[in-house]
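*Asks:*
Numbering (this note's numbering), first residue to last: 295 to 501.
1. So who's on the other strand from residue 496, going by DSSP bridges?
2. Let me know if residue 356 comes out buried or exposed under the rule of 16 or more other beta-carbons within 10 Å of its beta-carbon.
3. Could you compute how far the alpha carbon of residue 327 sits from the alpha carbon of residue 393?
4. Give the DSSP-derived three-state secondary structure of residue 342 in the structure shown.
5. Does the separation of the CB atoms of residue 471 and residue 463 fall below 9 Å?
6. By the 10 Å Cβ neighbour count, where 16 or more other Cβ atoms means buried, how is residue 429 classified, buried or exposed?
7. Anyone know if the C-beta pair for residue 419 and residue 400 falls short of 9 Å?
8. What residues in its chain sit with their C-beta under 6 Å from that of residue 342, if we drop five residues either side in the sequence?
9. Output needed for residue 378: all residues of its chain with C-beta closer than 6 Å, excluding positions within five of it in sequence on either side, in chain order.
10. Would you mind working out which of 446, 445, 447, 455 sits nearest residue 535, comparing C-alpha positions?
11. In this structure, what does DSSP give as the bridge partners for residue 396?
12. Quick check: the Cα distance between residue 487 and residue 452, rounded to an integer number of angstroms?
13. Under the three-state reduction of DSSP, which class applies to residue 351: helix, strand or coil?
14. Around the Cβ of residue 306, are there at least 16 other Cβ atoms within 10 angstroms (buried) or fewer (exposed)?
15. Keeping to the same chain, check which residues put their C-beta closer than 8 Å to that of residue 411; ignore five residues upstream and five downstream.
16. Relative to the C-alpha of residue 299, which residue among 354, 443, 448, 338 is closest?
17. State the Cα-Cα distance for the pair residue 368 and residue 469, rounded to the nearest angstrom.
18. To the nearest angstrom, report how far apart residue 348 and residue 297 are at their CA atoms.
19. From what residue to what residue does the beta strand (DSSP E) around residue 325 run?
20. My assumption, with CB atoms under 8 Å, is that residue 311 sits in contact with residue 344. Please give the rounded CB distance.
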């Protein structure tokens with residue numbers, strides 16, 4: 295089992311309840327799925343385990359570097375202070391893991407990516423592109439195209455993006471027009487979330 299926790303400068307990685315080979319394979323798979331998110335940044339990594347020896351934990355370092363080959367990784371020996379969990383609209387929404395599809399590319403104009411459950415896009419959604427999901431939509435990049443979460447009728451679905459400036463945004467059967475003139479949103483580095491509150495879609499910073 296691989297558990298990832300975020301800190302202001304990096305991540306804490308726990309490889310628990312497993313043997314070395316299985317843990318190594320799972321670690322590479324999980325980190326590789328996020329390598330675009332960590333691309334070209336400096337990242338501190340704290341490795342720990344409740345089932346591996348100290349030597350085996352040390353031998354996992356090359357696996358981390360392999361999975362995050364385009365990231366400047368530094369291994370630290372003291373667990374970093376974790377980012378405290380804040381109350382979020384996702385706490386009340388239907389964010390059970392369910393079945394999740396990962397789209398590891400930028401969705402370009404004219405393309406449509408569709409899935410009947412949760413959908414994660416590791417990249418941007420360009421203007422003229424469409425993303426449709428029966429569950430939640432998480433975009434680890436900028437959203438400029440169209441997005442439809444909860445397409446199967448789920449009002450508890452949400453849309454999260456690093457930059458939320460869609461041409462069209464729908465959740466279930468509700469839609470909202472995001473003001474494209476919001477200059478401060480264009481240059482903001484804070485992710486945003488859209489979800490249904492009452493009978494309307496609400497958009498706010500996701501911290």
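Ideal Cβ positions, reconstructed from N, Cα and C, are used throughout, including at glycine.
*Replies:* The relevant details are as follows:
1. Position 202 of the chain shown, counted from the first residue, corresponds to residue 496. Bridge partners of residue 496: 489.
2. One-based indexing of the chain shown puts residue 356 at position 62. Label assigned to residue 356: exposed.
3. The residue given as residue 327 occupies position 33 in the chain shown. The residue given as residue 393 occupies position 99 in the chain shown. One C-alpha to the other measures close to 15 Å.
4. One-based indexing of the chain shown puts residue 342 at position 48. Three-state DSSP puts residue 342 in a strand.
5. As a first step, residue 471 must be located in the chain shown, where it is residue number 177. As a first step, residue 463 must be located in the chain shown, where it is residue number 169. Contact: yes.
6. On the chain shown, residue 429 is found 135 positions in, with the first residue counted as 1. Classification of residue 429: buried, given that the 10 Å Cβ count is 16 or more.
7. Against the chain shown, residue 419 aligns to sequence position 125. Against the chain shown, residue 400 aligns to sequence position 106. Against a cut-off of 9 Å, the Cβ pair of residue 400 and residue 419 comes out as a contact.
8. Looking up residue 342 in the chain shown gives position 48. If we look at residue 342 and ignore the five residues flanking it on each side, its Cβ neighbours are 308.
9. By 1-based counting over the chain shown, the position of residue 378 is 84. Unreliable positioning characterises residue 378 in this predicted model, as indicated by a pLDDT of 47, which lies under 50. A coordinate reading is not provided.
10. Nothing about residue 535 can be reported from this structure: the residues present for the chain run from 295 to 501 only.
11. Stepping through the chain shown from its first residue, residue 396 is reached at position 102. 414.
12. Residue 487 sits at position 193 when you count from the first residue of the chain shown. Residue 452 sits at position 158 when you count from the first residue of the chain shown. About 7 Å.
13. For this step, residue 351 is matched to residue 57 along the chain shown. Three-state DSSP puts residue 351 in a helix.
14. As a working mapping, residue 306 is identified with position 12 in the chain shown. So residue 306 counts as buried.
15. Position 117 of the chain shown, counted from the start, is the residue given in the question as residue 411. If we look at residue 411 and ignore the five residues flanking it on each side, its Cβ neighbours are 392, 393, 394, 395, 427, 428, 429.
16. By 1-based counting over the chain shown, the position of residue 299 is 5. The option with the nearest alpha carbon to residue 299 is 338.
17. As a working mapping, residue 368 is identified with position 74 in the chain shown. As a working mapping, residue 469 is identified with position 175 in the chain shown. For residue 368 and residue 469, the distance between alpha carbons rounds to 44 Å.
18. Position 54 of the chain shown holds residue 348. Position 3 of the chain shown holds residue 297. Spanning the two alpha carbons is a distance of roughly 18 Å.
19. Within the chain shown, the letter at position 31 stands for residue 325. Premise fails: residue 325 lies in the alpha helix (DSSP H), 314-326, not in any beta strand (DSSP E).
20. As a first step, residue 311 must be located in the chain shown, where it is residue number 17. As a first step, residue 344 must be located in the chain shown, where it is residue number 50. Yes, they are in contact, since the Cβ atoms of residue 311 and residue 344 sit about 7 Å apart, within 8 Å.
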